[in-house]
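Q:
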Amino acid sequence: MPREYARREILIKLMEFPCSALLLSLCGLQEVEATAERADEATAEALYGMGIQVDKCIGCGSCVAACKAENDVPEEPFYFRTWVERYVIHDDGRVQVDSPDGGIRGFTSRQEDGASVLRAFFVPKLCNQCDNPPCVQVCPVGATFKTEDGVILVDSDYCIGCRYCIQACPYGARYLDPRTKTADKCTFCYHRIKQGLLPACVEVCPTQARVFGELTSRASPLRRMMRMSELQVLKPSLNTEPKVYYSKLDGEVR
Amino acid sequence: MAEHFERLESILGQISGYIYPNEIELHWGLLVVLYPYITGLVAGAFILASLEKVFRVKEIEPTYRLSLLTALAFLLVAPLPLLAHLGHPERSFEIFLTPQFRSAMAMFGFVYAWYLTLVLVLEIWFEYRADMVRWSQGEKGLKRVLHWVLSLGSRDLSPAAVAFDRKAVFTITVIGIPSAFLLHGYVGFIFGSVKANPWWSSVLMPIVFLFSAIVSGISLVLILYYVTTMMRRKPLDMACLDKLSEFLLYALIVDFSLELLDFIHRLYESEESIKILSELIFIKLGLSLTIVQILLGTIVPLALLAVARFTQLPAELKRVTYFIAALLVQVGIFSTRWNVVIGGQLFSKSLRGLTVYKLELGGMEGLFSSIGLLLLPFLILFVLVKVLPPWDEARGE
Amino acid sequence: MAKIGLYRPQQYRPFGLHTVGSLDGGFVLRIGRFPDQVVRVGILLVAAVIAMVLIRERFVPESFGELGHYRADAIPTIESQAIRYAGSLICIDCHDEQGAIKSASYHRTLTCEICHGPSAAHAEDYESQLPVVERDSRTACLPCHQYLPSRPTGFPQIIEQLHNPPQPCIGCHDPHDPTPPEIPGSCAACHAQIARTKSVSHHFQLSCETCHETSPEHLQSPRSFLPKRPTSREFCAGCHGTIADAAPSAPQVDIAAHGDRYLCWQCHYPHFPEG
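Residue numbers (the numbering used here), protein chains in the order written: chain A, 1196 to 1449; chain B, 31 to 427; chain C, 11 to 285.
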């Protein structure tokens, strides 16, 4: 009897060290994995958004030109991923809106810009990257979709060119690329933001009227804007949940 | 592509007010107007046929088989304008591979396939099977083989089999009525569910589409019955014509009431879009809506049909009245489709501007190809009528 | 229990038609209660369904459905799009001198590429892909700085036709530090629309400083050192009150009775009081 006990005890003693080492390392691994998972979750949960401060926009059109250069958008004045609108509101309530060639070469003075003007300003527009996108809802084949980080993209190798998404977008943000015959639109410069760069329009904006960032980050120009400004979105009654937030957006803007 | 840009360039000068820059190109043109028009005819013709089969309206029996063949001829052509309009028609099968079920357009593949095969073709097959067997037994050469193949080699002419055929036709028609509603109703939903477009977005859209489909289908069958009977130098069955135009009158009244309701409702609620939509109706759609759709396409036919129905006209005059009314109705319904599809794109979503639609003559989206697509179903119908004659004298019984 | 029977059709020939050839020597298919014709149609339908399933298996793209109802492979394709704008951080890596000058100047919020164009290619290959450097232009600066009344107030603007023709802009303004050679004499350099509005109003003789006390820092950091506005009704009463003698032609009101508790400029627009 005593000999068996002794043998058992020796075996147990011999196994103690490797077992506990194994256990501890497993716990350690789990800890590492958990951190990795959290990091993955953090990047996976990145949710991109843009802020536009209307009172800072000077209507230079650099954003429109930069977007076309960065993304190979056709130069003709019928295809825009982003554009700038000028609003001139007169004393008598008349509102004049224009966007000559999307504002790509800026704007020119007009005779109407006289003493009867009550307010005037510029409003940059682009795809609002909605969280409840009507364009994704109507695509019959799944060629346009929302990524996990909230950006709406178009798969131009799969799009059949039915144009339903263009009809469904309330903001006029989509067009049909005449070269590929597929739908196209602003992608928040997805190829840039995934590498930590800014979208081209945000990069070149001279007055920081456009700010970009992750809606979930704790510190970014977008975060500050969201904290300090009253935010508006375009066409809120349609419940598209846009992720492009405007501050100082006039009620006349559609 | 340069011509395309030139055309868009010329539109720039004709814009009034402000439109979003991307709205310069009008996306759904004449080809997309054709599709609801054609499926409307299909649904309407089938519903007329179902009146005879399910609701036992005996008077219109002479048109029963003709309605089915008409529906088939037009249904075969229906996807063609859509295919022609796609940017990548070669990828159109993706609708069958990976349909996105929240999209009304994705339903096209399934509703179309269901309706074509399990409703229309099956009904026609069961309706004609006994006759096809008899024809194939009595004919020689190609026609014999053709009818043998079409009847899938069936030979059973026993009373039990024929009775089964009749029951099958009845059952399929009963299933077919809601299927026809779905076939055209979903097209209405495609437009009616677009919240971005205040001209389209309406609960009534599928219903209005459906009733205008019924109207157009009945009037088409009336026209075809009239024309084919004249061509075959047979006497017109006036009871049949009377019944057809009676149904046409009722359907037209309902259709007009629905459209009137939509109009009154919009004016009453006077939402934000009312200003630009009023401009749209009076400036851009003055001819196609007020004159063609409402006056020529609805009010005049209503008056003609009412006069023919409620007064004592000689038969010769009555049938000409019916014919003219039916033709006007066709024009009116086409104009309805035009006003919905094109009209919805003539104003900007900024609610501040109007644009124009430049209809080309040639090319895939041009007038000539659309005319060709509208003539094609008649060609197919001609072939179908030769292969599966719907006339009473062709029946074996 | 399904009874599948294959038997000659002669039993089903009530009309006594004469058979000709082998076409009529067919079989009658019957499964249970389903008559012959239904079975024939059924075979066709089943074949079609099987074909559809097989086609679907073959042709649906591989990565479809991995992340959602779309081809997951589309994302790498989009991510691999060429980059044209390098971003100012890249430029400053080599051009740190200009970067340092610019970061302390009025143009500190501008990226290099807004004037020099997309330069990612230059960052990859310095020699062959040179960025744009406009030297003799009088138009390169206009998209931002040409006077437009719709631009926000406070943004420096000029009228090109009047502003030192025919010199190029960089003759006086270093683009990396565009401080003008002389401090602008009037507020109109940045507040042109207000100045022009005022110049055709009854207040045209009043200088901006009359009402707006402005610290010199306002020129360096405008939004952080805002000019003041009159804070009392008595200020305007200095000309417009009934006991004033400064401007006999100015409309006069009894300040105590006019305008309740509001400051004068909360109703009247001092830059264009008649409009």
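Glycine is no exception: its CB is placed at the ideal position from the N, C-alpha and C atoms.
Rounded to a whole number of angstroms, what is the C-alpha to C-alpha distance between S1311(A) and D1286(A)?
A: 5 Å
Q: So if I threshold CB-CB distances at 8 Å, which residues from the segment 1354–1372 of chain A count as touching chain B?
A: C1354, I1355, G1356, C1357, R1358, Y1359, I1361, Q1362, A1363, C1364, P1365, Y1366, G1367, A1368, R1369, Y1370 and L1371
Q: So within the segment 237–263 of chain B, which uninterrupted alpha helix (DSSP H) runs reach at least 4 residues, ignoring any that extend past its ends?
A: none
Q: Chain B beta carbons: is any one of them nearer than 7 Å to that of R66(C)?
A: yes
Q: Using Cβ-Cβ distances below 7 Å, what residues of the segment 66–94 of chain C are close to chain B?
A: R66, F69, V70, F74 and H79
Q: What three-state label does DSSP hand L140(C) in the structure shown?
A: coil
Q: Roughly how far, in whole angstroms, is the beta-carbon of V192(B) from the beta-carbon of A160(B), given that I think they are within contact range, below 8 Å?
A: 5 Å
Q: How would you list, in chain order, the residues of chain B whose beta-carbon sits under 9 Å from the beta-carbon of P226(C)?
A: Simply none; closest approach about 43 Å.
Q: Got a sec, what are the start and stop residues for the beta strand (DSSP E) W1278(A) sits in?
A: Here the beta strand (DSSP E) through W1278(A) covers T1277 to H1285.
Q: With S46(B) as the anchor, note down where its beta strand (DSSP E) starts and where it stops.
A: S46 to Y48
Q: Could you spell out the range, first to last residue, of the beta strand (DSSP E) harbouring L290(B)?
A: Counting along the chain, L290(B) falls outside any beta strand (DSSP E), though it belongs to the alpha helix (DSSP H) covering M268 to E299.
Q: Can you tell which of L64(C), Q276(C), A57(C) and A247(C) has its C-alpha closest to the C-alpha of Q262(C)?
A: Minimum Cα-Cα distance from Q262(C) among the listed residues L64(C), Q276(C), A57(C) and A247(C) corresponds to A247(C).
Q: Rounded to whole angstroms, what's the CA-CA distance from G396(B) to L60(B)? Just pull it up for me.
A: G396(B) and L60(B): Cα-Cα distance of roughly 7 Å.
Q: Starting from A58(C), follow the alpha helix (DSSP H) in both directions and report where the run begins and ends.
A: D46 to F69
Q: For E1425(A), which of V1336(A), R1413(A), L1433(A) and D1445(A) has the nearest alpha-carbon?
A: D1445(A)
Q: Looking at the secondary structure, which residues open and close the beta strand (DSSP E) in which G1408(A) lies?
A: R1405 to E1409
Q: For T341(B), count neighbouring C-beta atoms within 10 Å of its own C-beta (all shown protein chains included) and say buried if the count is 16 or more, exposed if not.
A: exposed
Q: From G1298(A), N1434(A), A1338(A) and P1401(A), pick the residue whose C-alpha is nearest to that of H79(C); which is it?
A: A1338(A)
Q: Please list the partners that T148(C) has in chain A, where partner means a Cβ-to-Cβ separation under 8 Å.
A: Reading off the sequence shown, one finds Arg at residue 148(C), where the question assumed Thr. The contacting residues do not exist; R148(C) stays about 15 Å from chain A at best.
Q: Relative to chain C, which residues along the segment 1254–1268 of chain A have a C-beta separation below 9 Å, given in chain order?
A: Look at the segment 1254–1268 of chain A: the residues with a C-beta under 9 Å from a C-beta of chain C are G1254, C1255, G1256, S1257, A1260, A1261, A1264, E1265, N1266 and D1267.
Q: Mind pulling the alpha helix (DSSP H) runs of 4 or more residues that sit fully within the segment 185–217 of chain C?
A: 202–209
Q: With DSSP as the reference, label E1232(A) as helix, strand or coil.
A: Its pLDDT being 45, under 50, E1232(A) is placed unreliably by the model, and nothing is read from it.
Q: What does a CB cutoff of less than 7 Å around S225(C) pick up in its chain, not counting 5 residues either side in sequence?
A: F235
Q: Does R1387(A) come within less than 7 Å of chain B when only Cβ atoms are used?
A: Chain B contact via Cβ: absent.
Q: Give the straight-line distance between the Cα atoms of C104(C) and S1351(A), rounded to the nearest whole angstrom.
A: 37 Å
Q: How long is the line joining the alpha carbons of L430(B) and V63(C), rounded to whole angstroms?
A: As displayed, chain B neither begins before 31 nor continues past 427, which places residue 430(B) out of reach and without an answer.
Q: For the pair the segment 1251–1268 of chain A and the segment 1381–1401 of chain A, tell me if three or more CB-CB distances fall below 8 Å.
A: Taking 8 Å as the limit for Cβ pairs, the verdict is that the segment 1381–1401 of chain A does touch the segment 1251–1268 of chain A.
Q: Report yes or no: is there a C-beta of chain A within less than 7 Å of the C-beta of Y279(C)?
A: no
Q: Is there a Cβ of chain A sitting closer than 7 Å to that of Q276(C), yes or no?
A: no
Q: Reducing DSSP to helix, strand and coil, say where K225(B) ends up.
A: It is coil, neither helix nor strand.
Q: In chain order, what residues of the same chain lie with their CB nearer than 7 Å to the CB of G75(C), ignoring the 5 residues before and after it?
A: none
Q: So, using beta-carbon positions, are A136(B) and I125(B) closer together than 7 Å?
A: yes
Q: In whole angstroms, what is the alpha-carbon distance linking K1251(A) and R1405(A)?
A: 9 Å
Q: Please classify T1303(A): does DSSP put it in a helix, a strand, or coil?
A: coil
Q: Does the segment 101–108 of chain B touch the segment 281–298 of chain B, meaning 3 or more C-beta pairs lie closer than 8 Å?
A: They do not touch, by the three-pair rule.
Q: Rounding to the nearest angstrom, what Cα-Cα distance links G1367(A) and K379(B) in this structure?
A: 7 Å
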